[in-house]
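Heads up, my numbering is the position in the sequence shown plus 18, with the first residue counted as 1.
For every residue, glycine included, the Cβ atom is placed at its ideal position computed from N, Cα and C.
As the structure is a computational prediction, the values presented were derived from the model and not from experiment.
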Amino acid sequence: MTKILFTFFACTFLVGAVNVSELKKKLEHVDVSSVQSEVGIGVLDLSSGESWFLNGEQRFPMQSVCKVPVAIAILKLVDDGALSLGQSVTINPEQYAPSWSPLRDELKGGSGQFTVRNLLERSVADSDNTAVDVLIELAGGAGKVDAILKAMGIRGVRVDRRERDLQTESQGLEDFRPEQASTEQFDAVLAQVPEEKKRAAVRKFLSDPRDTATPEGMVHLLSQLYQNKLLSPSSTQLLLQIMTDTPYGQYRLKAGLPPKWSLAHKTGTGPDVLGVNTGTNDAGLACAPAGQCFALTVFIAGSKVPLQNREALMRDVAAAVTK
Numbered sequence: 019m020t021k022i023l024f025t026f027f028a029c030t031f032l033v034g035a036v037n038v039s040e041l042k043k044k045l046e047h048v049d050v051s052s053v054q055s056e057v058g059i060g061v062l063d064l065s066s067g068e069s070w071f072l073n074g075e076q077r078f079p080m081q082s083v084c085k086v087p088v089a090i091a092i093l094k095l096v097d098d099g100a101l102s103l104g105q106s107v108t109i110n111p112e113q114y115a116p117s118w119s120p121l122r123d124e125l126k127g128g129s130g131q132f133t134v135r136n137l138l139e140r141s142v143a144d145s146d147n148t149a150v151d152v153l154i155e156l157a158g159g160a161g162k163v164d165a166i167l168k169a170m171g172i173r174g175v176r177v178d179r180r181e182r183d184l185q186t187e188s189q190g191l192e193d194f195r196p197e198q199a200s201t202e203q204f205d206a207v208l209a210q211v212p213e214e215k216k217r218a219a220v221r222k223f224l225s226d227p228r229d230t231a232t233p234e235g236m237v238h239l240l241s242q243l244y245q246n247k248l249l250s251p252s253s254t255q256l257l258l259q260i261m262t263d264t265p266y267g268q269y270r271l272k273a274g275l276p277p278k279w280s281l282a283h284k285t286g287t288g289p290d291v292l293g294v295n296t297g298t299n300d301a302g303l304a305c306a307p308a309g310q311c312f313a314l315t316v317f318i319a320g321s322k323v324p325l326q327n328r329e330a331l332m333r334d335v336a337a338a339v340t341k
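1) Are the beta-carbon atoms belonging to Phe312 and Ala301 less than 7 Å from one another?
2) Just checking, does the region 306-325 make contact with the region 288-297 on the three C-beta pairs under 8 Å criterion?
3) Go to Val134, then tell me how far its alpha helix (DSSP H) extends in each direction, as first and last residue.
4) Would you kindly report the start and end of the unbroken alpha helix (DSSP H) that includes Asn73?
5) Based on Cα-Cα distance, which residue from Leu72, Val53, Ser52 lies nearest to Lys42?
6) Report back the beta-carbon spacing between Thr298 and Leu325 to the nearest angstrom; my notes put them in contact at under 8 Å.
7) Taking Cβ positions, are Gly104 and Thr133 nearer each other than 7 Å?
8) Under DSSP, the alpha helix (DSSP H) around Glu202 begins and ends at which residues?
9) Among residues of its own chain, excluding the 5 on either side of Arg179, which ones have a beta-carbon nearer than 8 Å to its beta-carbon?
10) Identify which residue in Leu249, Gln54, Ala306 has its Cα closest to the Cα of Gly99.
11) Helix, strand or coil for Ile172, going by three-state DSSP, please let me know.
12) Can you tell me which of the three DSSP states Thr108 falls into?
13) Note down, in chain order, each residue of its chain lying with its Cβ closer than 8 Å to the Cβ of Thr20, except the 5 sequence neighbours on either side.
14) Quick check: the Cα distance between Phe26 and Thr254, rounded to an integer number of angstroms?
15) According to DSSP, simplified to helix, strand and coil, what is Asp97?
16) Tell me, please, which residues DSSP counts as bridged to Asn295.
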């Protein structure tokens, strides 16, 4: 069994801290070899400031976890008065994104009106690819989103592409057209991509620094969000509520938490390409009824094992930290 080798960072403010030696012992018994891939883990105790990392400075594809930093950038624009939550946004068929997008399916090839708030809810809680792409466009593009994050002091997190670009490039598909965005049509065009091209695309994607985060960067982003250091209190509360309300990820971090703990989180799941999964992730804030909170992140990249094995690792990490 491969054991987790964590880097420990102790801080002098230890009020409410967990027993470090006991936690280390629990984490050492988490079997990261079960997923047969690159694994990044970040744990930050928000009461004490102590943190634990596996491959903490290594970059991993965020997949849909990216929708949290995008939401932070949008809410920063709201706080600054450049956007408003009630602002109406028109979505046209040429803006449809492939892969997961209930919004696209609802529109049935037509156009629709949505508020910025509704797009945030759909992007983060529903993990809707069309919704996040429209938000990125609304901010001025992925480069603008990334610049906003950097100006806020966020490090170790990159937003470089829309989902429509990320999803197609990672699977070797060129010349994607919005009319190919439906699940059936997207699967059909992907089936025409030669295997060698797909294999090369996956290798490139897994080594690409774009649209990645380090475990250290992600847990510190979550910590800053929780402490109201990034957004206004009302925007922080809105985003954390949306992250709490998501129905997804029931078998990941959430499955390892004790009863009555809350979890504000965002999952990310990339496609399986020729048996290789491009990313399975979960990142969030787990809080006990008494108030102690942890920022938790688990990134898994390039795994060939079933989804249930990957989700079990996330469950085990959360259980080791909180039970």
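Taking the definition as stated:
1) no
2) yes
3) 134-142
4) Neither: Asn73 is in no alpha helix (DSSP H) and is coded neither H nor E.
5) Leu72
6) 7 Å
7) yes
8) 201-209
9) Ala160, Glu187, Arg228, Asp229
10) Leu249
11) coil
12) strand
13) Residue placement at Thr20 is flagged as unreliable, the pLDDT there being 38, under the threshold of 50; the coordinate-derived value follows with that caveat. Correct list, in chain order: Asp49, Val50, Ser51.
14) For Phe26, the pLDDT reaches just 39, beneath the cut-off of 50, and the residue's location in the model is therefore unreliable, leaving the point undetermined.
15) helix
16) Asp290, Ser321
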